[in-house]
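Step one of this worksheet: look at the structure below.
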Amino acid sequence: MIVGAGPVGAAAAILLAQRGVPCLLLDRYAEPYPLPRAVHVDDEVVRILQELGVADEFLQVSRPGLGLRLLDGRHRVMAEFRRDTATGPHGYPQANMFDQPDLERLLRARLATLDGVEFVGGAEVVGVSSAVSSAHVTYRLRRNGEERTVPAAAVLGCDGANSTVRGLIGATLEDLRFEERWLVVDGVCDRDLGAWGGVHQVCDPRRAATFMQLGSLRYRWEFRLRPGESIVDVQPLVAPWLGDAAVRIVRRAEYTFRARVADRWRSGRVFLLGDAAHQTPPFIGQGLGAGLRDAYNLVWKLASDDERLLDSYERERKPHARAQIRLAIVAGWAMTGGQDRAAAVRRVVLGAIWRVPGLKGLALRSTSPPLDHVGRDRRAGRLAPQPTVVWEGREVRLDDALGPGWATLFGARPPAPHLVRGRPIRVTPEFDPSGALRRWMRGRTIVLRPDRVVHAAH
Ligand SMILES: Cc1cc2nc3c(=O)[nH]c(=O)nc-3n(C[C@H](O)[C@H](O)[C@H](O)COP(=O)(O)OP(=O)(O)OC[C@H]3O[C@@H](n4cnc5c(N)ncnc54)[C@H](O)[C@@H]3O)c2cc1C
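In the working numbering, the protein residues as written are 138 to 595.
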């Protein structure tokens, strides 16, 4: 049973269905949330979309991002961090710009093609109880107020930042102390603005702002609001970006960005995923990505129904999500906080970015930190790269050759049988024509989990 058919709930339902696990997917609304939200995912996350069967369609509705430019209050470039727009180590551009409703539509369409998922829109979950090996969910149909209680082998609380499920299992949010109100504006222009194809961050503490192109004529602006401030007319704010062009504002919404992590992600057979488990300010564009990582991490464990594996979900995902939230807070502070002169901002921004562990890497690459607690080898917990390989006479991405289960990659010599888990795959020059996989393996035998995370390297 999945509560919430946002992107994370829909992704979890697809992953379950692909593994032959039937589920009921409930949402209080029938249609996806229409307001502007996520605009960026990295290449690791697109790889999850590949697993969901929507990566090629996603590439049609997204565009590679060139990276990040830091601007001063007069929009002069202070620094630039470029992303590789060509295919990166995971088989996709490192930064991908899109419109969240487009992605949600792709996920809903994919769901409709799969057997085993029953979607009920207009169903508000009002009760959850969990015993050791099963749970019960009570939901109310909005059309007539009828209440139904149904049993579930497991409940996935994917019901967003104000999660009902989180409250019902008694989990609370740890506040990582960040709260800012921002105005988010999407507009369609009557001509191309000729903007650089990455994210522009205006490091002006009087009016921190973000600007980027989303589609051919579609643009996103975000403006930090002062305490108590509410802006009715956005035209003066967007005007400096427009030149002679005219813009039609298609959406505007005020959001309070927060940094919070649930203290418990599991209670018996109930699990929290996505914004129900963690919320981040969007400065490094990782909120939705973190939710999709949750679903990918949990679903194969659920399908195997191994208690120890299920317990590892929170142990692995929580520190990862927390690390990314901390990076987002520091990035936000470094890019938009506190100084009043361009030179001072530049010094602080650049100094901060190079000093903070992880942020420098993040500024230059899209690699996320390895998962903790996976194994003792230094490679354990890291995502394997995904080069193109030749499998059954065809060029495919590595994950498509690996299939849905465990896999053991080895080189010249077959490993001892006790080291093999899942499908053994010999990595020869014919299989790996670019040599990328063999360079990464360095002659070792690598055991990969179903979520392509390295379990062991021998
Ligand atoms: C302005 C902004 C910019 C962002 N930019 C980025 C970005 O660039 N990159 C990125 O990765 N992330 C970004 N994010 C974050 C991203 O949008 C969220 O992390 C993501 O939408 C969370 O998905 P979710 O499925 O967990 O929750 P949601 O999308 O909130 O979905 C929850 C679903 O649960 C349903 N629901 C809630 N309660 C109940 C109930 N009791 N019963 C039944 N159904 C219920 C809701 O109707 C909803 O459909 C941004 C967010 C904002 C606000």
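Glycine included, C-beta positions come from ideal geometry on N, C-alpha and C. All values reported here derive from a predicted model rather than from experimental measurement.
Can you give me the C-alpha to C-alpha distance between residue 538 and residue 528, rounded to a whole angstrom? Sequence index remark: in the sequence shown, residue 538 carries index 401 (1-based). Sequence index remark: in the sequence shown, residue 528 carries index 391 (1-based). Each residue's Cα considered, the two are about 6 Å apart.
Classify residue 372 as buried or exposed, calling it buried when 16 or more other Cβ atoms lie within 10 Å of its own Cβ. Within the sequence shown, residue 372 is the residue found at index 235, counting from 1. Exposed, by the Cβ-count rule.
Residue 565 beta carbon near ligand 1 (any heavy atom closer than 7 Å): If you number the sequence shown from 1, residue 565 lands on position 428. Residue 565 Cβ: outside cutoff for every heavy atom of ligand 1.
Using only the heavy atoms of ligand 1, determine whether one of them is closer than 7 Å to the beta carbon of residue 165. By one-based count along the sequence shown, residue 165 stands at place 28. Indeed, a heavy atom of ligand 1 lies less than 7 Å from the Cβ.
Count the other CB atoms within 10 Å of the CB of residue 595; is the residue buried (16 or more) or exposed (fewer)? As a first step, residue 595 is located in the sequence shown; it is residue number 458 there, counting from the start. That one is exposed.
Do you know how far the Cα of residue 423 is from the Cα of residue 174? Position 37 of the sequence shown, counted from the start, is the residue given in the question as residue 174. Position 286 of the sequence shown, counted from the start, is the residue given in the question as residue 423. Cα to Cα, residue 174 sits roughly 12 Å from residue 423.
For a test of your reading of the model: does the CB of residue 177 fall under 7 Å from any non-hydrogen atom of ligand 1? Yes or no. Counted from its first residue, the sequence shown places residue 177 at position 40. Result yes, Cβ under 7 Å from ligand 1.
In whole angstroms, what separates the C-alpha of residue 156 from that of residue 211? Position 19 of the sequence shown, counted from the start, is the residue given in the question as residue 156. Position 74 of the sequence shown, counted from the start, is the residue given in the question as residue 211. The alpha-carbon atoms of residue 156 and residue 211 are separated by roughly 53 Å.
Using the three-state DSSP reduction, which class does residue 361 fall into: helix, strand or coil? As a first step, residue 361 is located in the sequence shown; it is residue number 224 there, counting from the start. Reduced to three states, the DSSP call for residue 361 is strand.
Residue 168: buried (16+ other C-beta within 10 angstroms of its C-beta) or exposed? Looking up residue 168 in the sequence shown gives position 31. With fewer than 16 Cβ atoms within 10 Å of its Cβ, residue 168 is classed as exposed.
What does DSSP give as the partner residues of residue 386 in its beta bridges? On the sequence shown, residue 386 is found 249 positions in, with the first residue counted as 1. Note: residue 386 sits in a beta bridge opposite 324.
Given 7 Å as the limit, tell me if residue 422 has its C-beta closer than that to any heavy atom belonging to ligand 1. Residue 422 sits at position 285 when you count from the first residue of the sequence shown. Yes, since a heavy atom of ligand 1 falls inside the 7 Å radius drawn around the Cβ of residue 422.
Can you tell me the Cβ-Cβ gap for residue 287 and residue 161, rounded? I've got them flagged as a contact below 8 Å. Taking the first residue of the sequence shown as 1, we reach residue 287 at position 150. Taking the first residue of the sequence shown as 1, we reach residue 161 at position 24. The pair is a contact, with the Cβ atoms about 7 Å apart (cut-off 8 Å).
At a threshold of 7 Å, does residue 295 count as lining ligand 1 (C-beta to nearest heavy atom)? The residue you call residue 295 lines up with position 158 of the sequence shown. Indeed, a heavy atom of ligand 1 lies less than 7 Å from the Cβ.
Exposure of residue 415, with buried meaning 16 or more beta-carbon neighbours within 10 Å: Locating residue 415 in the sequence shown gives position 278, counting from the first residue. Answer is buried; the Cβ neighbour count reaches 16.
If contact is defined by three or more beta carbon pairs under 8 Å, each pair taking one atom from either stretch, is the segment 425–438 in contact with the segment 175–185? yes
Please confirm whether any heavy atom of ligand 1 lies closer than 7 Å to the CB of residue 301. Along the sequence shown, read from residue 1 onward, the residue named residue 301 stands at position 164. For ligand 1, at least one heavy atom lies less than 7 Å from the Cβ of residue 301.
Who are the Cβ neighbours of residue 440 in its own chain at under 6 Å, not counting the five residues just before and after it? Within the sequence shown, numbered from 1, the residue matching residue 440 stands at position 303. Excluding positions up to five away in sequence, the list reads 156, 158.
Taking Cβ to Cβ, would you say residue 304 is nearer than 8 Å to residue 523? Position 167 of the sequence shown, counting from 1, holds the residue named residue 304. Position 386 of the sequence shown, counting from 1, holds the residue named residue 523. Not closer than 8 Å, so no.
Please determine whether the Cβ atom of residue 355 lies at a distance below 7 Å from any heavy atom of ligand 1. Your numbering for residue 355 matches position 218 in the sequence shown. Answer for residue 355: no, Cβ out of range of ligand 1.
With a cut-off of 8 Å, do at least 3 Cβ pairs link the segment 462–471 to the segment 305–315? yes
Where residue 255 falls, given that 16 or more other Cβ within 10 Å makes a residue buried: Along the sequence shown, read from residue 1 onward, the residue named residue 255 stands at position 118. Exposed is the call here.
Indicate whether residue 536 and residue 187 have their beta-carbon atoms separated by less than 8 Å. On the sequence shown, residue 536 is found 399 positions in, with the first residue counted as 1. On the sequence shown, residue 187 is found 50 positions in, with the first residue counted as 1. Yes.
Applying the criterion that 16 or more other CB atoms from any shown protein chain within 10 Å of the CB defines a buried residue, is residue 335 buried or exposed? Locating residue 335 in the sequence shown gives position 198, where the first residue counts as 1. When all chains shown are included, residue 335 counts as buried.
Reduced DSSP secondary structure (H/G/I, E/B, other) of residue 150: Here residue 150 is taken as the residue at index 13 of the sequence shown, counted from 1. Helix.
Please state whether the Cβ-Cβ distance between residue 616 and residue 398 is less than 8 Å. Nothing in the structure corresponds to residue 616, since the chain is present only between 138 and 595.
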